[in-house]
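Beneath this line is the structure, given in structure tokens, with notes to follow.
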């Protein structure tokens, strides 16, 4: 593990904040993971996946809105629906895990 600008106690606290409950097991996701060596081709492939090239939206059967408490999650799907790009909107998910609404929600 690399040296970080934190004491051992601070590092343990940060690591404890990164616990996630996955499939019945607690899994630690490190704040500063070891990064494997990647070839130039691998970096290009990951970049292409992460930063999709802009494309012209096409008409589809349904527009999905994935759950979340931020009102921005609705802006692009609503705009696409208003342009006639989807016949219906399907909303998934529910309220946030912390139960707090975004300040812009009434």
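Numbering (the numbering used here), first residue to last: 106 to 211. Note that CB positions come from ideal geometry on N, CA and C, so glycine has one too.
As the crow flies, the alpha-carbon of residue 170 is around 7 angstroms from that of residue 182.
DSSP, reduced to helix, strand and coil, places residue 191 within a strand of the structure shown. In the three-state reduction of the DSSP assignment, residue 134 falls in the coil class, being assigned neither a helical nor a strand state.
193 is the residue among 180, 146, 138, 193 whose C-alpha sits nearest the C-alpha of residue 165.
The beta carbon of residue 153 is closer than 6 angstroms to none in its chain, skipping five residues each way along the sequence.
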